[in-house]
Amino acid sequence: MALTSSTDTFKAGRLNIESATGDTIFNLGGTNGSGGSEFSYVRSSKRTQIHDVDSNTTIILPQKSGELALTSDFISNIRRGAKVQSPDTNEWGPAECPSGCILTQVEHKSDTPYGVKCWYRPLQIFINGQWKTLAGDA
Numbered sequence: 001m002a003l004t005s006s007t008d009t010f011k012a013g014r015l016n017i018e019s020a021t022g023d024t025i026f027n028l029g030g031t032n033g034s035g036g037s038e039f040s041y042v043r044s045s046k047r048t049q050i051h052d053v054d055s056n057t058t059i060i061l062p063q064k065s066g067e068l069a070l071t072s073d074f075i076s077n078i079r080r081g082a083k084v085q086s087p088d089t090n091e092w093g094p095a096e097c098p099s100g101c102i103l104t105q106v107e108h109k110s111d112t113p114y115g116v117k118c119w120y121r122p123l124q125i126f127i128n129g130q131w132k133t134l135a136g137d138a
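For the sequence shown, position 90 matches number 90 in this note's numbering, and the numbering has no gaps at all.
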């Protein structure tokens, strides 16, 4: 697009320029409080840091094995699984939930030879798009 004079406004939208090393310099097209252009650039040739000149803010993007780590390999939710009743336990103990479980209910049963009943639930995590039950020493 040709401008008719040097005072005409040229609107290009987002401008992206890359150096030979892969560093990117680009104009976000925004303006700061003083009316100047807001510029940002990637500080690393691996493209893991974005630096905003106007606010002097750096955003560090996560990496995994040298690659940008925008994956779902993190726990995004947790819940309790189905309720399980433990075997009757002598009132004087000991009683313990299996690994990966939490105790959710204890009931005193004075009319039985065993004085305590316990219920527990396994913990479940949502990771990589699916629910997994914690077991053992997970």
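By construction, the Cβ of each residue, glycine as well, lies at the ideal position given by its N, Cα and C atoms. Fair warning: this is a prediction, and the values are worked out from it, not measured in the lab.
CB contact flag (residue i, residue j, <7 Å)
| i | j | result |
| --- | --- | --- |
| residue 104 | residue 121 | yes |
C-alpha distance - residue i paired with residue j, whole-angstrom precision
| i | j | result |
| --- | --- | --- |
| residue 193 | residue 84 | Because the chain spans 1 through 138 in this model, residue 193 falls outside it and cannot be assessed. |
| residue 78 | residue 87 | 26 Å |
| residue 98 | residue 110 | 25 Å |
| residue 75 | residue 107 | 33 Å |
| residue 115 | residue 127 | 39 Å |
With 16 other Cβ atoms within 10 Å as the buried cut-off, status of residue i
| i | result |
| --- | --- |
| residue 135 | exposed |
Reference residue i; option with closest CA among the options
| i | options | result |
| --- | --- | --- |
| residue 102 | 81, 126, 108, 74 | 81 |
| residue 117 | 96, 76, 131, 123 | 96 |
Sequence-distant residues of the same chain with beta carbon closer than 6 Å to residue i, five excluded per side
| i | result |
| --- | --- |
| residue 124 | 79, 81, 131, 133 |
| residue 119 | 83, 85, 104, 105 |
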